[in-house]
Amino acid sequence: MPARPCIHCGTPVPPGAGSDFCCAGCEFVHRLIRDEGMDRFYDLRGGAMLEPVGGKAFVERDWSWLEEKVEAAERQAGTGGVAVLEAGVDGVSCIACLWLIEKLFQREPGALDGEVHPATGRLRLRWRAGKCEVGQFARRLLQFGCTGVPSARRADRPPEASELRLRLGLTAAFAMTCMV
565 MPARPCIHCG TPVPPGAGSD FCCAGCEFVH RLIRDEGMDR FYDLRGGAML EPVGGKAFVE
625 RDWSWLEEKV EAAERQAGTG GVAVLEAGVD GVSCIACLWL IEKLFQREPG ALDGEVHPAT
685 GRLRLRWRAG KCEVGQFARR LLQFGCTGVP SARRADRPPE ASELRLRLGL TAAFAMTCMV
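Per my numbering, the sequence shown starts with residue 565, numbered consecutively.
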C-alpha cells in the first residue's frame, strides 16, 4: 500500500504515523492557515508539493535591515502618508504562496496592499506610515515557511538568466491566472 500524502505539502507521510501530516511543521502551518480562514490556499496551489517549513520559523533572524527600510519608507512618506517598501521574499513555491503572503499583509492594521512578483521574488508593501507593524508581519510570514530578505536580486545570477526567469515567471503567472 503506497504512503498517503501529507494534507499540507503532499510529501509521503511516514508509515505508521498517527497523523495526516509528514511532520510537525506541516501540521503547524496547516493549523495556522485554517485558523486564519485562508483555506483557499489549498485550492490555489492545486496538487503541487510544497517545500517543508522545517525549522525556518524558529531560527533567530537579524531584522536590522528591515527596521532600516521601514524607517526610511516612513520618513519619506511623512506623517499619515503612504509608505512603500521593496524587499525580497524566499520560500515562495507556487501561486498559492503569493496569494497567502498578500492576504496576510492585508490583515495587518494600516496595511494598504502587498504584492509579490512571481519571477523575481520581489515583495512590495504599501501601508499608512506609523500605522502598520511591518516587522511583525515579517516575523509572522516565517511561520508559513517564507522569509523576507533585503533584496530580491542576487548578484551571482547573470542578467540573461534573470531575464529568462522573468519571462518564464510572467508566462506562468498569466497561465495560472487564466486557469483560476
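For each residue, glycine too, the CB sits at the ideal point set by N, CA and C.
Fill in: Nonlocal neighbours in the same chain, by C-beta distance under 8 Å from Ala567, ignoring five residues either side
On the sequence shown, residue 567 is found 3 positions in, with the first residue counted as 1. Excluding residues within five positions, the ones whose Cβ falls inside 8 Å are Pro576, Val577, Pro578, Pro579.
Fill in: Span separating the alpha-carbon of Pro670 from that of Gly582
Position 106 of the sequence shown, counted from the start, is the residue given in the question as residue 670. Position 18 of the sequence shown, counted from the start, is the residue given in the question as residue 582. First, the residue type needs correcting, since residue 670 is Gln and not Pro in the sequence shown. About 36 Å.
Worksheet item: Between the C-alpha atoms of Cys570 and Glu600, what's the straight-line distance to the nearest angstrom?
Response: Taking the sequence shown and counting its residues from 1, the one referred to as residue 570 is at position 6. Taking the sequence shown and counting its residues from 1, the one referred to as residue 600 is at position 36. Taking the straight line from one Cα to the other gives about 20 Å.
Discussion item. Please identify the residue among Thr684, Leu689, Leu664 whose C-alpha is closest to the C-alpha of Trp674.
Written reply: Position 110 of the sequence shown, counting from 1, holds the residue named residue 674. The question names Trp, but residue 674 in the sequence shown is Gly. Of Thr684, Leu689, Leu664, the residue nearest in Cα terms is Leu689.
Worksheet item: Can you list, in chain order, the residues of its chain whose CB lies under 8 Å from that of Ala637, leaving out five sequence neighbours each side?
Response: Position 73 of the sequence shown holds residue 637. Scanning its chain for C-beta atoms nearer than 8 Å, with the 5 sequence neighbours on each side dropped, one finds around Ala637 the residues Ala647, Val648, Leu649, Ala693, in chain order.
Worksheet entry | Presumed contact (8 Å Cβ cut-off) between Cys710 and Val653, rounded CB distance | One-based indexing of the sequence shown puts residue 710 at position 146. One-based indexing of the sequence shown puts residue 653 at position 89. A Cβ-Cβ distance of about 6 Å is found for the pair Cys710 and Val653, placing them in contact under the 8 Å criterion.
Discussion item. Report the CB separation of Gly712 from Ala651 in whole angstroms; it is logged as a contact under 8 Å.
Written reply: One-based indexing of the sequence shown puts residue 712 at position 148. One-based indexing of the sequence shown puts residue 651 at position 87. That pair is a contact at about 5 Å.
Discussion item. Just verifying my parser: in three-state terms, what is the DSSP assignment at Gly580?
Written reply: One-based indexing of the sequence shown puts residue 580 at position 16. Here Gly580 sits in coil by DSSP.
Worksheet item: Which stretch, first to last residue, makes up the beta strand (DSSP E) that contains Gly678?
Response: Translated into positions along the sequence shown, residue 678 becomes position 114. Note, Gly678: beta strand (DSSP E), 675-680.
Worksheet item: For Cys586, which residues of its own chain have a beta-carbon under 6 Å away from its beta-carbon, when the five flanking residues on both sides are left out?
Response: As a first step, residue 586 is located in the sequence shown; it is residue number 22 there, counting from the start. Same-chain partners within the cutoff: Cys570, Thr575, Val577.
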